[in-house]
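Everything on this sheet refers to the single structure shown next.
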Amino acid sequence: MEATGAYSEPLATFLHDEGYDVSVENPARIRRFGQAELSRNKTDKDDARMIARYCKLHGPSLWQPAPLNERRLKALVKRLTNLQEMRQMEENRLEVSDAVVQPSIRVVIAALDAQIDETKRAINDHIDNDPGLKKNRELLESIPGVLGSTMLAYMGDMSRFSSSKALVAWVGLNPMRQESGEWKGKSRISKMGNSAMRKALYMPAIVAMKWNPAVSLLKKLLQLAYGVLKSGRPFDAEICLAR
C-alpha cells in the first residue's frame, strides 16, 4: 500500500497483526512507476492493479510496526502539534475578530492551553517511564535547541537506518541534483520523505543556530541526532567543530 500517514498506518498495523505481509511504499515511487507505464486511467481498480504490478516487479521490503511505546509517543506528539495549531488559529481569529466574539475565543484558547499542558505532561510521563526513551531524549537534548520528544516520536528506532545519509534521505533532506549534458541547475532538497519530521526540525535548527555555529542546517541537525543516538554519547560542540 501507499504511505498516506494517518490513514495507512492504522490499516497496515491491523493487517500485520492479523498475519498478513504488508509493504508500505512512498507514493512518489508508485506514481512514477505508473507514469513510466504510461498509465492513462485513474480509478481505484486501475491503481490497485498498478500497485500489484509494482510489488511483483520490485519486491518491496516488508513493513514492521513500531513498538507500542513508540507508537503511543508518536500519537501524543501528533496530538500536541494539532492542539498547538488550533491554538494559533484561534489567536489569529482573535486579532481580527469583533469585540462581541472575543470572550468566546479567549475561552477556547484557555481550554486549548489546558489541553496543551496536559498533553505535554503525558508526553514527559510516558518518556520518563520508559528507560530507553528517557536515555535517548537526554542524548538528543544535549544538542542545543532540540526537543527530544518530538524527534524521538518521528525517528523511532535508529537501528533501522544504516547511516546518517539513510536517515537524511528518509526525511527528504538529501540533495537532488539537476544536470543535463553541460547544463547544471541548482541543487535542492528532494522533499521525498517524512514532511512531519522536516517541519519538526525547522524551529530546533533556528534555535540551535543561535547557540552554536556547528548546528546551522536541518541536515546537519539530523546528522548530529543520528550520531548521539548511534554512539550513545552526548553532543560535544568541540568535537563537532574539530571535524
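First residue of the sequence shown? That's 348 in the working numbering, and the numbers climb one at a time after it. Quick reminder that beta carbons are idealized off the backbone N, C-alpha and C, glycines included.
Of all the options the options, which has the alpha carbon lying nearest to the alpha carbon of residue i?
i	options	result
I470	S509, R426, V454, S511	R426
G503	N483, V493, S355	N483
D477	R507, E488, P491, P414	P414
P491	K546, L569, V454, Y501	L569
L546	S506, K512, V424	Correcting the residue identity first, residue 546 is Lys in this sequence and not Leu. Closest option to K546, Cα to Cα, is V424.
V518	E365, N373, A353	N373
R418	E365, L480, G406, A458	L480
L494	D460, S510, T428, L514	T428
S496	T466, D394, L385, A395	T466
L459	L571, R434, T390, K403	R434
D475	A399, N416, L404	N416
Does the separation of the CB atoms of residue i and residue j fall below 7 Å?
i	j	result
L420	H473	yes
F380	Y401	yes
L548	L576	no
E442	I456	no
What residues in its chain sit with their C-beta under 7 Å from that of residue i, if we drop five residues either side in the sequence?
i	result
Q431	I463
V371	M348, A350, S355, A359, W410
V447	none
M505	Y573, L576, K577
P581	L486, S489, V575
Q449	L441
S444	I452
Closer than 8 Å by C-beta to residue i: which residues in its own chain qualify, once you throw out the five before and the five after it? Chain order, please.
i	result
S451	none
A589	Residue confidence is low: A589 scores 47 on pLDDT, short of 50, so the model does not pin down where it sits. Its coordinate-derived value is still stated next. Answer for A589: no residue qualifies.
R453	L441
F508	L514, W517, Y573
Express the C-alpha separation of residue j and residue i in angstroms, rounding to a whole number.
i	j	result
L362	V369	7 Å
A584	L486	13 Å
P357	R376	21 Å
R468	M498	17 Å
A592	A422	Not covered by the structure: residue 592. The range shown for the chain is 348 to 590.
A399	R387	17 Å
A353	K392	22 Å
L571	T390	44 Å
M397	H405	12 Å
Kindly list the residues whose CB is nearer than 6 Å to the CB of residue i, restricted to its own chain and excluding five residues on each side of it in sequence; keep chain order.
i	result
S578	none
M544	Y501, V518
P412	T360, H363
A461	none
Among all the DSSP beta bridges, which residues are the ones paired with residue i?
i	result
E372	E349
Answer with yes or no whether the minimum CB distance from residue i to chain D is below 7 Å.
i	result
M544	Although the question refers to chain D, the structure presented lacks it and comprises just one protein chain.
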